[in-house]
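Take 542 as the starting number for the sequence shown in this note's numbering and just add one per residue.
The beta carbon of each residue, even a glycine, is placed where N, CA and C say it ideally should be.
Notes follow once the structure below has been shown.
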Amino acid sequence: MKKILVIDDDVHIGNLLEELLTKEGYEVSRAYSGTEAVLYLSCNKPDLVLLDLMLPGLSGEEVLARIKDLPVIVVSAKVDVNDKVNLLLGGAADYITKPFDTKELLARISVQLRGGNSCGSSQISFGEITMDANSRKVTVCGSEVRLTRTEYAILKILMQNRTQVITKSELLERICCDTPDCTESSLKIHVGNLRKKLKACTDREYIESVWGIGYKIKTE
């Protein structure tokens, strides 16, 4: 049975999450403050953490910085794009905004638990590509590829959800602080640059465009 730690001081939301996750067959633990969460994690290792940001004691950002080798999905009412991108680049596996759709949350949890973070490893791998979430180093066939913050964020999202098409709007929402004009055309430029850098190593296309929708990792 997979174990999930819910870190949220809102009792109502915590109860809702615990009931939802228990029905789905997960074992749920709770922490109501950042300090309590750090104490719990010093003695226990769940399979995944759901983390609110607005916590008494240590903040969610401070807790995230202390979590190593565990997938963390931030569940927060904060909608500022800068917050989202900084958290994703700072180690969060995913970010979902309150109020959330329960089906979407369960889907994101399922993605992480079936290998989005390589069973808790700091490395994310697909084919010849390897990303290190701690150093933000990307290699293709053993050769380092230097990416911008925006390119790294795009690749991380696509690799963590490699069986799914990620819509342009979702990518824009997560990276637009690194994309000055925040338009589909600027996103296209970033993806194009990322494609060229990856292809330069093996002459293979790694990112597939799904016309009118978005992008996905090319699996064939």
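- Distance from Val-569 to Ile-545 at the Cβ level is roughly 6 Å; contact confirmed, criterion being Cβ atoms closer than 8 Å.
- By the Cβ criterion, the region 728-738 is in contact with the region 684-697, since at least three pairs of Cβ atoms, one from each stretch, lie closer than 8 Å.
- Gln-664: member of the beta strand (DSSP E) spanning 664-667, first to last residue.
- In the three-state scheme derived from DSSP, where H, G and I count as helix and E and B as strand, Ala-634 is classed as coil.
- A Cβ-Cβ distance of about 5 Å is found for the pair Ala-634 and Gln-653, placing them in contact under the 8 Å criterion.
- Under the three-pair Cβ rule at 8 Å, the region 736-745 does not count as touching the region 635-655.
- A distance of 9 Å or more separates the beta carbons of Tyr-756 and Leu-713.
- Using a Cβ distance threshold of 9 Å, Leu-582 and Leu-611 count as a contacting pair.
- Beyond the five residues adjoining it in sequence on each side, Val-679 comes within less than 6 Å, by CB distance, of Met-672, Val-686, Leu-688 in the same chain, given in chain order.
- For Met-595, the closest C-alpha among the options Glu-577, Asp-551, Ser-666 is that of Asp-551.
- Between the alpha carbons of Lys-625 and Val-616 lies a gap of roughly 11 Å.
- The Cβ-Cβ distance between Ile-637 and Lys-709 does not fall below 9 Å.
- A distance below 8 Å between beta-carbons, with the five flanking residues on each side excluded, links Leu-605 to the following residues of its chain, in chain order: Leu-592, Val-613, Val-615, Leu-628, Gly-631, Gly-632, Ala-633.
- Counting C-beta atoms within 10 angstroms of its own C-beta, Asp-588 has 16 or more neighbours from the protein chains shown and is therefore classed as buried.
- Between Gly-555 and Tyr-573, the C-beta spacing is below 9 Å.
- Residue state for Val-706 is assigned as coil, using DSSP reduced to three classes.
- Linking Glu-669 to Arg-607 through their CA atoms gives a straight-line distance of about 30 Å.
- A residue is called buried once 16 or more other Cβ atoms fall within 10 Å of its Cβ, and Asn-585, having fewer, is exposed.
- Here the C-alpha atom of Ala-618 lies approximately 24 Å from the C-alpha atom of Arg-690.
- Partner residues in the beta bridge of Thr-671, as assigned by DSSP, are Ser-666, Thr-680.
- DSSP, reduced to helix, strand and coil, places Arg-690 within a helical segment of the structure shown.
- For Val-706, the closest of Thr-643, Ile-758, Gly-598 by C-alpha to C-alpha distance is Ile-758.
- In the displayed model, Ile-754 falls within coil according to three-state DSSP, outside both helix and strand.
- Across the set Cys-682, Asp-642, Val-579, the C-alpha of Cys-682 shows the shortest separation from the C-alpha of Lys-740.
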